[in-house]
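In the working numbering, the protein residues as written are 970 to 1238. Where is the CB? At the ideal position from N, CA and C, for every residue including glycine. The structure displayed is predicted, hence computed values, not measured ones. Accompanying notes for the structure given below.
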């Protein structure tokens, strides 16, 4: 009798395996699903990066989109993961490539897309050093050279250096008797819409450098370079102080975002 009951229970267990809502017995294994092949994914990234390197070397920077150039910079930040989404997001949020590589470190640090982020000092410095190197190169093109013969280069440098600054800056460009640029200094940094300027300090510094002329430059973080009444009055005060000591004021430039206003061209000087 015991043998018959044992066989009956065995048959009932086998039938229960096929009934809905009942868990399979422990000895039934789930389907065998292979994990993604990490080696294949890494090979794809390496192939993509090599293609960007080749396009850049063969066709120059114009052969790549801005986000692709930024990708190449970000390769050093994360050598294994796909940095394309991060590059595209940075350009979208900051506006353009130049704004990304010149963004303030606090705005860059911790920026994250998916599993790729700018969490470390190395990551932030990798971006910032590109902007710093480019700006230094532009500055070297105008220093110790006659500004009139390199006027557009000077305008390009001022725009690159100041257009994306979050606060107002007042910059002084000092020239010698041959109108060569001998010094480039930020005299004051103010708020988002005001910079304190002291005419006596302007002319004092010009005398210390034995400068014969100066060019005034400041930025409007709002992006609109239209001179304000305060800008006009401040310029007149510096003109009076400078002329009394035989120092010429060649121009006052206001830098906006993508725009620049010259007081001399506007008849305000």
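Apart from the 5 residues on each side of it in sequence, residue 1099 sits with its Cβ closer than 8 angstroms to the Cβ of 1042 and 1070 in its chain, given in chain order.
Between residue 1157 and residue 1139, the CB-CB gap stays under 7 angstroms.
Excluding the 5 residues flanking it on each side, residue 1052 has same chain C-beta neighbours closer than 6 angstroms at 1040, 1043 and 1085, in chain order. Residue range 1150 to 1158 is occupied by the beta strand (DSSP E) that includes residue 1158.
DSSP places residue 1140 within a strand segment (E or B) once states are collapsed to three. Rounded to whole angstroms, the separation of the alpha carbons of residue 1079 and residue 1169 is 43 angstroms.
In this structure residue 1195 is exposed. Its beta-carbon is surrounded by fewer than 16 other beta-carbon atoms within 10 angstroms. In the structure shown, residue 1210 falls within a helical segment according to DSSP collapsed to helix, strand and coil. Shown here, residue 1017 sits in a helix according to DSSP, grouped into three states. Considering only 1147, 1206, 1189 and 1192, the residue with the shortest C-alpha distance to residue 1182 is 1147. Rounded to whole angstroms, the separation of the alpha carbons of residue 1204 and residue 1210 is 10 angstroms.
Excluding residues up to 5 positions away in sequence, 1225 lie with their Cβ nearer than 6 angstroms to the Cβ of residue 1193 in the same chain.
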